[in-house]
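Worksheet for the structure shown next.
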Amino acid sequence: GQQVMQIPQYQHVQEGEDFTTYCNSSTTLSNIQWYKQRPGGHPVFLIQLVKSGEVKKQKRLTFQFGEAKKNSSLHITATQTTDVGTYFCAGQRGNNRLAFGKGNQVVVIP
Amino acid sequence: DVKVTQSSRYLVKRTGEKVFLECVQDMDHENMFWYRQDPGLGLRLIYFSYDVKMKEKGDIPEGYSVSREKKERFSLILESASTNQTSMYLCASSDPGQGYGNEQFFGPGTRLTVL
């Protein structure tokens, strides 16, 4: 079945620095979603990208969908302690299901 | 606001016991999902339901069954719990009527320990 790979799996980021997390698929995706899970919490939807080459911003977060619709990235600038957590990407499968990546666990160093 | 609730945050059971995990959503969503989450493995789909009494196997259905008798409620059943089913279980719901906007809303999770 469709698989979505995320790299890196873990990141330690100094507060104030920028970082990027990547999501890759072996097949073309109809759309991609990003979720964030805080430590001890549950995944919460951040955004959905649908169009080839789409770029969306949410304050310090920039989401991109690749031209071929096989990859996506999340870039966070000026990292804050509130950015700690695990970021998941998920590609749409048939029947309204999602294929989740394994996540990128981000630790913020004050 | 969509609310997805799960019957327990923490559960401890013994090997061989029958375990019921309940999930309720209050937004009239047609789709409901059960995932398990293990360190380093991400979210793996156990079962999915797209309507009352309808279900589909996910990626790891072995050892589990589900029940959806009412639209708002989706139950996960471990017929005979085993230690390798110790995990965090997450329920989610979504509305297929949103076009591409099939974001999933997650419950708080149930951390199940099987001794």
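Heads up: the protein sequence lines correspond to chains A and B, in order. The opening position of the first sequence corresponds to residue 8 in my numbering, with each subsequent residue numbered one higher. The opening position of the second sequence corresponds to residue 1432 in my numbering, with each subsequent residue numbered one higher. C-beta atoms are modelled at their ideal positions from N, C-alpha and C, and glycine is treated no differently.
Cutoff 8 Å: residue i Cβ touching any chain A Cβ
i: Glu1534 (chain B); result: yes
i: Gly1447 (chain B); result: no
i: Ser1525 (chain B); result: yes
i: Tyr1481 (chain B); result: yes
i: Phe1505 (chain B); result: no
i: Leu1452 (chain B); result: no
i: Leu1509 (chain B); result: no
i: Pro1539 (chain B); result: yes
i: Gly1471 (chain B); result: yes
From the options, residue whose alpha carbon lies closest to that of residue i
i: Asp1457 (chain B); options: B:Pro1492, B:Arg1504 and B:Asn1515; result: B:Arg1504
i: Gly23 (chain A); options: A:Val91, A:Asn78 and A:Phe95; result: A:Val91
i: Gly48 (chain A); options: B:Lys1484, B:Tyr1520, B:Asn1515 and B:Ser1524; result: B:Tyr1520
i: Lys1484 (chain B); options: B:Arg1475, B:Leu1452, B:Ser1506 and B:Asp1490; result: B:Ser1506
i: Val114 (chain A); options: A:Arg45, A:Thr69 and A:Gln13; result: A:Arg45
i: Ser1524 (chain B); options: B:Tyr1478, B:Asp1490, B:Thr1544 and B:Arg1440; result: B:Tyr1478
i: Lys1502 (chain B); options: B:Tyr1466, B:Leu1474 and B:Asn1462; result: B:Asn1462
i: Ser33 (chain A); options: A:Ile83, A:Gln99, A:Thr69 and A:Ile116; result: A:Gln99
i: Val1545 (chain B); options: B:Lys1486, B:Ser1439 and B:Glu1448; result: B:Glu1448
Cβ-based burial, residue i [other Cβ within 10 Å; buried from 16]
i: Val1497 (chain B); result: buried
i: Lys1392 (chain B); result: A question about residue 1392 (chain B) goes unanswered here, because the residues of chain B that appear run from 1432 up to 1546.
i: Ala85 (chain A); result: exposed
i: Leu1472 (chain B); result: exposed
i: Lys43 (chain A); result: buried
i: Arg1499 (chain B); result: buried
Endpoints, beta strand (DSSP E) assigned at residue i
i: Leu1543 (chain B); result: Thr1541 to Val1545
i: Gly23 (chain A); result: No beta strand (DSSP E) holds Gly23 (chain A); DSSP gives it neither H nor E.
i: Asp1490 (chain B); result: Segment: none, Asp1490 (chain B) is in no beta strand (DSSP E) and carries neither H nor E.
i: Ala1523 (chain B); result: Ser1518 to Ser1525
i: Val1616 (chain B); result: Outside the displayed range of chain B (1432 to 1546) lies residue 1616 (chain B), so it cannot be described from this structure.
i: Lys1444 (chain B); result: Tyr1441 to Lys1444
i: Thr1467 (chain B); result: Reading off the sequence, residue 1467 (chain B) comes out as Arg, not Thr. From DSSP, the beta strand (DSSP E) with Arg1467 (chain B) extends over Asn1462 to Asp1469.
i: Arg1504 (chain B); result: Arg1504 to Leu1509
i: Ala97 (chain A); result: Gly92 to Gln99
i: Ser1480 (chain B); result: Gly1473 to Asp1482
i: Ser80 (chain A); result: Asn78 to Ile83
Residue i at chain B interface by Cβ criterion, 8 Å
i: Pro50 (chain A); result: yes
i: Asn111 (chain A); result: no
i: Gly60 (chain A); result: no
Supposed close pair residue i, residue j - CB separation, criterion 8 Å
i: Pro1527 (chain B); j: Asn103 (chain A); result: 5 Å
i: Ser1518 (chain B); j: Gln1468 (chain B); result: 7 Å
i: Arg54 (chain A); j: Lys66 (chain A); result: The identity of residue 54 (chain A) in the sequence shown is Ile, whereas the question assumes Arg. The pair is not a contact, with the Cβ atoms about 12 Å apart (cut-off 8 Å).
i: Gln13 (chain A); j: Gly108 (chain A); result: 4 Å
i: Gly1538 (chain B); j: Gln1516 (chain B); result: Actually they do not touch by this definition, with Cβ atoms about 18 Å apart.
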